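Structure representation (structure tokens):
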């Protein structure tokens with residue numbers, strides 16, 4: 012009997028996990044995320060800026076921009092105009108997101124104090140409603156990067172995988188309902204592999220990009 016597409020994907024990830032170097036890289040990245048979750052509001056703010064900047068943009072480039080804002084002090088002390096100018100200088104495509112960064116900065120202490128007492132799903136809903144520029148994907152991304160394990164980051168790379176393996180039909184519009192459907196499909200894959208959605212995401216990202224990122 013021919014394996015289903017879900018089973019094919021499970022086997023593909025299982026084979027990737029047999030690569031000791033790749034597996035160690037994934038494990039180290041997950042430990043890094045857990046460490047970030049234990050850090051203060053300043054480090055959380057850097058991750059939040061990264062997730063805001065990464066939406067519909069290169070994750071690698073967005074992280075570089077977020078790091079530069081952090082190291083220059085603009086992330087915490089820059090005005091909206093100063094941050095916008097820095098984004099333009101970096102060649103960042105959406106400099107108006109400086110407004111999102113400033114708005115997030117104003118509530119980051121509240122977020123740092125509140126999120127640890129929420130489960131993953133409540134925390135995601137809270138961030139979607141509280142953080143300007145955060146939808147389901149961005150909120151899930153941020154939570155994964157502070158050590159949460161049970162949410163899927165349904166970005167363009169992940170969508171390509173689930174469509175390619177026929178887990179879902181072509182996705183034209185990623186509504187909340189559709190997002191949760193994709194997340195549930197990925198949850199089934201993770202369950203078969205006996206890994207978390209956070210770990211699964213790193214392998215799926217690797218499948219499409221050839222490297223493990225964040």
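Numbering (the numbering used here), first residue to last: 12 to 225.
Virtual Cβ for every residue (Gly too), placed ideally from N, Cα, C.
Everything numeric in this text was worked out from a predicted model, so none of it was measured.
Beta-carbon within less than 7 Å of residue i's beta-carbon, same chain only, minus the 5 sequence neighbours each way: which residues are those?
{"i": "residue 109", "result": "91, 94, 95 and 98"}
{"i": "residue 220", "result": "168"}
{"i": "residue 190", "result": "147 and 165"}
Compute the Euclidean distance between the alpha carbons of residue i and residue j, then round it to the nearest angstrom.
{"i": "residue 161", "j": "residue 83", "result": "34 Å"}
{"i": "residue 14", "j": "residue 207", "result": "Legend: pLDDT at residue 14 = 48, less than 50; position of this residue unreliable, value from coordinates given subsequently. Each residue's alpha carbon lies about 23 Å from the other."}
{"i": "residue 48", "j": "residue 58", "result": "10 Å"}
{"i": "residue 155", "j": "residue 87", "result": "23 Å"}
{"i": "residue 17", "j": "residue 46", "result": "32 Å"}
{"i": "residue 122", "j": "residue 65", "result": "20 Å"}
{"i": "residue 34", "j": "residue 28", "result": "5 Å"}
{"i": "residue 117", "j": "residue 21", "result": "42 Å"}
{"i": "residue 19", "j": "residue 67", "result": "29 Å"}
{"i": "residue 139", "j": "residue 76", "result": "23 Å"}
{"i": "residue 36", "j": "residue 211", "result": "13 Å"}
{"i": "residue 136", "j": "residue 187", "result": "11 Å"}
{"i": "residue 143", "j": "residue 149", "result": "10 Å"}
Among the options, which residue has its Cα nearest to the Cα of residue i?
{"i": "residue 61", "options": "221, 69, 55 and 74", "result": "74"}
{"i": "residue 42", "options": "56, 157 and 52", "result": "157"}
{"i": "residue 216", "options": "150, 172, 184 and 119", "result": "172"}
{"i": "residue 209", "options": "44, 27, 133 and 136", "result": "44"}
{"i": "residue 53", "options": "64, 37, 81 and 28", "result": "81"}
{"i": "residue 101", "options": "113, 119, 120 and 78", "result": "78"}
{"i": "residue 105", "options": "56, 72 and 89", "result": "72"}
Going by beta carbon distance, what residues of the same chain come within less than 6 Å of residue i, once the five residues before and after it are set aside?
{"i": "residue 224", "result": "70"}
{"i": "residue 115", "result": "59 and 142"}
{"i": "residue 159", "result": "131"}
Can you name the start and end residues of the alpha helix (DSSP H) that residue i belongs to?
{"i": "residue 165", "result": "Element bounds for residue 165: n/a, residue is neither H nor E."}
{"i": "residue 36", "result": "31 to 49"}
{"i": "residue 66", "result": "Where residue 66 is concerned, there is no enclosing alpha helix (DSSP H), given that its DSSP letter is neither H nor E."}
{"i": "residue 155", "result": "147 to 156"}
{"i": "residue 95", "result": "91 to 100"}
The ligand HEM and residue i: does any heavy atom of the ligand fall closer than 6 Å to the residue's C-beta?
{"i": "residue 48", "result": "With respect to the ligand HEM, the structure shown offers nothing to examine, as it has no ligands at all."}
Tell me which same chain residues have a C-beta within less than 8 Å of the C-beta of residue i, skipping the five on either side of it?
{"i": "residue 196", "result": "17, 173, 178 and 179"}
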